[in-house]
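Trainee: Dumping the structure here so I can ask a few things about it.
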Amino acid sequence: MVKFSKGMWHASPDTIIRWATESVKAEARPESLRTVASSRAINLRGDTLNNPTLTIELESPSDDILLLKSTHWKAQKSVSIGPHYELYPDGVPKRTNPVSTEKTTSSLSLSTGSLKAEIDTRPKSFNIDFRAGKKLLTKLGWRSIGYVQKDTDAHPNTELLNPDKGERWFTYQLQLGVGEKIYGLGERFGPFVKNGQTVDMWHEDGGTSSELAYKNVPFYLSSNGYGIFIPSSAFISYEIQSERTTRVNIAIPGEALSMYLIYGPSPKEILNKYTLLTGRPALVPAWTFGLWLSTSFTTDYDEKTVDAFLDGMKERDIPTSVFHYDCFWMRGFHWCDFEFDPEYFPDPKAQLASLKKRGIKVCVWINSYIAQESKIFDEGVEGGYFIKRSDGSVWQYDAWQAGMAFVDFTNPAACKWYQDKLANLVDLGVEVFKTDFGERIPTGDVVYFDGSDPQKMHNYYTFLYNKVTFEILERKLGKNNAALFARSATAGGQRFPVHWGGDPMSTFEAMAETLRGGLSLGLSGFGYWAHDIGGFEGKPEPGLFKRWIAFGCLSSHSRLHGSGSFRAPWLLDQSGEADKVLKRFVNFKLSLLPYLYNQCIHAHKFGHPMMRPLFAEFPEDPITWHIDTQYMLGDNLLIAPVFNNEGDVQYYVPKGKWYGVLDGKFREGPGYVTENHDYFSLPVLLRPGSAIVIGESQEVAHYDWTNRVKLLVNRADGMDVKVDIPDYENPGQIKTQLTVKCTGTGLSVDVTKGSLVGKWQVVVPGKEFKQFGDKAFFENTTSVRLEYA
């Protein structure tokens, strides 16, 4: 919590704020603006004395994006020292709108397309407006750009003697319009709408029932059509209507602050442009969308346990894609030595080979901390691969693994050493790593190989950790075949998926907060997201577990995992019903793979999260901006989880007739619907005027999605949509495209690209067609016309 003011008029005690007050130098360069603002008004020539200045520059690095940079003292090391986010990792896109600048007697302005920034250069009138056309997006008005000194004596003689006393901050205070709402800032489990909150960017392992976050992302999205990204991994504090009721106050330690303003205007367009800036989510392999089964954390398990779980899943016909070995695949006090515990896993190569024969992918838990009992600890010390103290000794810690050290990923030799250890596991049969932790990174008395600032590295460390791990998987398995299961992240971390939501309790309340965290993370540029079905801490009671199964199987990725108890369904529900519920929803998800993987491609190409709040699809509907207990899974499926044993659910339906994919019933919006669902059901609604392909396989995720498909159409007048079916053998490519049109007398389906395999079916609920009945299946045809009966 960083507040600099006491009410509207006064600074906090022992706080001095040097506000940008008046432009004393103004330059309009060909594609940028520069102004120097004094912190006191200039009435007389003598007012140029003892008057600190702030230098402010404005440019546009790409279409619909503005970059504002402000500095107090420019020659301070803290301004330039890293780490720095990797921006435009795929290259700066070619501009479609040129940049123009203008200087008048009263202002500086920069324009690109419909986006314009204008700096008021009149005396005592410093202000920056950001507009799209005639619409004011936001502004930095009176007392909105400031350099702050806290707990310091500003007398010049005192400063000469003790120049570092107290704290130095830089602040932007952006105006919020009436009714404007703020979202994002990483995976946050508290209230979905961030207005009224203090949000601090600082990684901590705090669980999901707190204000702390594993994934802090200094980007927020506004309902007014823009996003704000602060390109720094340092501690950043956001006071969102929690200090000044009409502002978002952003504060960062040091001498400078930069800000990207990203214009949409729609939420999806904002995310598209933000992920151009920070990176798109990688395309993940199709098998990751199947069910992940885990040993859980502190449970006792060995080879027989693993085989027994997989045998139990097979006996119950529950398809399983991935088996995950959590921490204790290694010996206690040895994490991480990257070796299977010989007492419990005497022949890991043979067991992993047997899992591969079953068609099971293998995931193992790792982190970036090396205990001093690990056989590779001495290698790290001798090679200089660990974070050090200022006296040259290794930075060690006991709060996890005794005497552990932290791998220094700023050292290229350390990265190669770490990757070599992981490569050995890939050669053994491991295909995915759960990159746990990454939040507990020291900041006191720390020296990095490349001289990085420890305060900035605290949040950034996880980016390097996941990047190094992801890259070795890409190198060993090939592009589009790499995947992680990562807990911590920051801006740009979406490039190394998948991420999961940390440690929730086993309660319905934690299930709801988990969803809020996932939606918030999606609005921070992350395309995929998972969570521990049933909760992590505690043993879920059967009803909760079954409700969470439905939610988990209709998330982008699905994993059964816990802390002190196994998550095999037959161990949590003695009635056997959980087995059947899990089978139903895993089968259902696998049948949706043609649709889901197409949404995965969209996430990769455009930065749109697979799980997204309703307002991402319906921004014109004001009610959707408040909803956080339901979501859209891709463009066309509305999901409303049930958060109680009784099966009662109230949810909002936007305008139109929505079709219940599971129950065959229509709901008409706009409006709220109240229903009751058993454990085998929940609202899964197909959007009006849309069509999805349902695949024939309910056993594996990776199959020919064009084979024996069912095209489910929720028709609407004037409907004309393209339905893409991905190529399961060539990730990212579209194999077949269908065009679905509604006419006055019926409906047409044309195969406009590729072909369909075997007999295929068109299902249009609520309508009778002449060709239906025995003729509802088609084969070797590229054009179908269905006439009303």
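Just so you know, full-length UniProt numbering puts 164 at position 164 of the sequence shown, and the rest follows in order with no gaps.
Built from N, CA and C at the ideal position, the CB exists for glycine as well.
1. Should the region 259 to 270 be regarded as contacting the region 223 to 238, the criterion being three or more beta carbon pairs within less than 8 Å?
2. Assign K375 to one of three DSSP states: helix, strand, or coil.
3. From S70, P683 and M8, pick the residue whose C-alpha is nearest to that of R244; which is it?
4. For my contact list, A550 and K476 are in at a C-beta cut-off of 8 Å; report their separation, rounded to the angstrom.
5. Contact defined as beta carbons within less than 8 Å: I believe S524 pairs with F219. What is the distance between those atoms, to the nearest angstrom?
6. Are the region 507 to 527 and the region 163 to 182 in contact at 8 Å, needing three or more beta carbon pairs?
7. In this structure, does DSSP put V2 in helix, strand or coil?
8. Is it right to say D445 is buried, meaning 16 or more other beta carbons lie within 10 angstroms of its own, or is it exposed?
9. Just how far apart, CA to CA, sit L464 and G527?
10. State the Cα-Cα distance for the pair D341 and P412, rounded to the nearest angstrom.
11. What does the Cβ neighbour count give for P670, buried or exposed, with the cut at 16 atoms within 10 Å?
12. For L786, which residues of its own chain have a beta-carbon under 6 Å away from its beta-carbon, when the five flanking residues on both sides are left out?
13. Can you give the Cα-Cα distance for K753 and K665, rounded to whole angstroms?
14. For N598 and P726, I'd like the C-alpha separation in whole angstroms.
15. In this structure, how does DSSP classify L68 when only helix, strand and coil are distinguished?
16. Which partner residues does F778 have in the DSSP bridge list?
17. Name the two residues that bound the continuous beta strand (DSSP E) containing T736.
18. Output the distance between the C-alpha atoms of residue 820 and V749, rounded to the nearest integer angstrom.
19. Take S266 and list the residues in its own chain whose beta-carbon comes closer than 7 Å to its own, dropping the five residues that flank it on each side.
20. Since L686 and N636 should fall inside the 8 Å C-beta cutoff, what is the C-beta to C-beta distance between them, to a whole number of angstroms?
21. Alpha carbon to alpha carbon, what distance is there between R487 and T782?
22. Measure the C-alpha to C-alpha separation of L33 and V79 and round it to an integer number of angstroms.
23. My assumption, with CB atoms under 8 Å, is that G290 sits in contact with L682. Please give the rounded CB distance.
24. Please check the pair P765 and Y652, which I expect to be a contact at CB under 8 Å, by giving their CB distance rounded to whole angstroms.
25. Can you list the beta strand (DSSP E) stretches of 3 or more residues lying completely in the region 147 to 215, in chain order?
26. Decide if the region 265 to 284 is in contact with the region 321 to 328; the criterion is three or more beta carbon pairs, one per stretch, under 8 Å apart.
27. Could you tell me the distance, in whole angstroms, from the CA atom of I145 to the CA atom of G254?
28. According to the Cβ coordinates, are C336 and I360 closer than 9 Å?
29. Are the region 612 to 630 and the region 531 to 540 touching, with three or more C-beta to C-beta distances below 8 Å?
30. Express the C-alpha separation of P319 and M313 in angstroms, rounding to a whole number.
31. Under three-state DSSP, which class holds D750?
32. What did DSSP end up calling V498 once you bin it into helix, strand or coil?
33. CB-CB under 7 Å to D408, same chain, minus the five flanking residues each way: which ones, in chain order?
34. Following the continuous alpha helix (DSSP H) through F508, name the residue where it begins and the one where it ends.
35. Near P454, what residues of its chain come up, given a Cβ to Cβ distance below 6 Å and the 5 sequence neighbours on each side ignored?
36. Got a sec? Which residues, its chain only, sit under 6 Å from P61 by beta carbon, not counting five neighbours each side?
Mentor: Result, derived from the coordinates:
1. Result yes; three or more Cβ-Cβ pairs closer than 8 Å.
2. As a working mapping, residue 375 is identified with position 375 in the sequence shown. Coil at K375, not helix or strand.
3. Residue mapping note: residue 244 aligns to position 244 of the sequence shown, counting from 1. Out of S70, P683 and M8, M8 has the C-alpha closest to the C-alpha of R244.
4. Taking the sequence shown and counting its residues from 1, the one referred to as residue 550 is at position 550. Taking the sequence shown and counting its residues from 1, the one referred to as residue 476 is at position 476. With 8 Å as the limit, A550 and K476 do not qualify as a contact, their Cβ atoms being about 35 Å apart.
5. The residue you call residue 524 lines up with position 524 of the sequence shown. The residue you call residue 219 lines up with position 219 of the sequence shown. Correct: roughly 6 Å between the Cβ atoms.
6. With a cut-off of 8 Å, the region 163 to 182 and the region 507 to 527 do not count as touching, because too few Cβ pairs lie within range.
7. One-based indexing of the sequence shown puts residue 2 at position 2. Note: V2 maps to coil in three-state DSSP.
8. Reading the sequence shown from its first residue, position 445 is the one you call residue 445. Around the beta-carbon of D445, fewer than 16 other beta-carbon atoms lie within 10 Å, marking it exposed.
9. Residue numbering aside, residue 464 sits at position 464 when the sequence shown is read from its first letter. Residue numbering aside, residue 527 sits at position 527 when the sequence shown is read from its first letter. Our two residues, L464 and G527, have alpha carbons roughly 19 Å apart in a direct line.
10. As a first step, residue 341 must be located in the sequence shown, where it is residue number 341. As a first step, residue 412 must be located in the sequence shown, where it is residue number 412. Distance between the alpha carbons of D341 and P412: 29 Å.
11. Here residue 670 is taken as the residue at index 670 of the sequence shown, counted from 1. Flag for P670 reads exposed.
12. On the sequence shown, residue 786 is found 786 positions in, with the first residue counted as 1. Setting aside the 5 residues that flank it on each side, L786 is surrounded in the same chain by G746, L747, F769 and Q771, each with a C-beta closer than 6 Å to its C-beta; the list follows chain order.
13. By one-based count along the sequence shown, residue 753 stands at place 753. By one-based count along the sequence shown, residue 665 stands at place 665. So the two alpha carbons sit approximately 32 Å from each other.
14. For this step, residue 598 is matched to residue 598 along the sequence shown. For this step, residue 726 is matched to residue 726 along the sequence shown. A straight-line Cα-Cα distance of about 6 Å links N598 and P726.
15. Start at 1 with the first residue of the sequence shown, and residue 68 comes out as number 68. Strand.
16. For this step, residue 778 is matched to residue 778 along the sequence shown. The partner list for F778 (beta bridge, DSSP) reads W760.
17. For the purposes of this step, residue 736 is taken as the residue at position 736 of the sequence shown. T736 -> beta strand (DSSP E) spans I734 to C742.
18. Any answer about residue 820 is impossible in this case: the structure gives the chain only from 1 up to 789.
19. Here residue 266 is taken as the residue at index 266 of the sequence shown, counted from 1. Here the set comprises P619.
20. Counted from its first residue, the sequence shown places residue 686 at position 686. Counted from its first residue, the sequence shown places residue 636 at position 636. About 6 Å separates the two Cβ atoms, so the contact holds.
21. Along the sequence shown, read from residue 1 onward, the residue named residue 782 stands at position 782. Along the sequence shown, read from residue 1 onward, the residue named residue 487 stands at position 487. Looking at the two C-alpha atoms, the distance is approximately 46 Å.
22. Locating residue 33 in the sequence shown gives position 33, where the first residue counts as 1. Locating residue 79 in the sequence shown gives position 79, where the first residue counts as 1. Computed Cα separation, rounded: 20 Å.
23. Sequence index remark: in the sequence shown, residue 290 carries index 290 (1-based). Sequence index remark: in the sequence shown, residue 682 carries index 682 (1-based). In fact, because the Cβ distance is near 20 Å, the residues do not count as touching under 8 Å.
24. Position 765 of the sequence shown, counted from the first residue, corresponds to residue 765. Position 652 of the sequence shown, counted from the first residue, corresponds to residue 652. 21 Å between Cβ atoms; not a contact.
25. Fully enclosed beta strand (DSSP E) runs of 3 or longer: 167 to 175, 182 to 184 and 198 to 201.
26. Touching, no.
27. The count along the sequence shown starts at 1 and reaches residue 145 at position 145. The count along the sequence shown starts at 1 and reaches residue 254 at position 254. Approximately 14 Å between the Cα atoms of the pair.
28. Residue mapping note: residue 336 aligns to position 336 of the sequence shown, counting from 1. Residue mapping note: residue 360 aligns to position 360 of the sequence shown, counting from 1. Contact flag unset, no.
29. Because the criterion of three Cβ pairs below 8 Å is not met, the region 612 to 630 and the region 531 to 540 do not touch.
30. Taking the first residue of the sequence shown as 1, we reach residue 313 at position 313. Taking the first residue of the sequence shown as 1, we reach residue 319 at position 319. C-alpha separation (whole angstroms): 7 Å.
31. Stepping through the sequence shown from its first residue, residue 750 is reached at position 750. Note: D750 maps to strand in three-state DSSP.
32. Along the sequence shown, read from residue 1 onward, the residue named residue 498 stands at position 498. DSSP places V498 in coil when its eight states are reduced to three.
33. Indexing the sequence shown from 1 puts residue 408 at position 408. Answer for D408: Y385, F386, I387, A414, Y448 and F449, listed in chain order.
34. What you label residue 508 is simply residue 508 of the sequence shown in a count that begins at 1. For F508, the enclosing alpha helix (DSSP H) covers residues F508 to G522.
35. For this step, residue 454 is matched to residue 454 along the sequence shown. T443 and V446, listed in sequence order.
36. Position 61 of the sequence shown, counting from 1, holds the residue named residue 61. For P61, where only same-chain residues beyond five positions count, the Cβ hits under 6 Å are L67.
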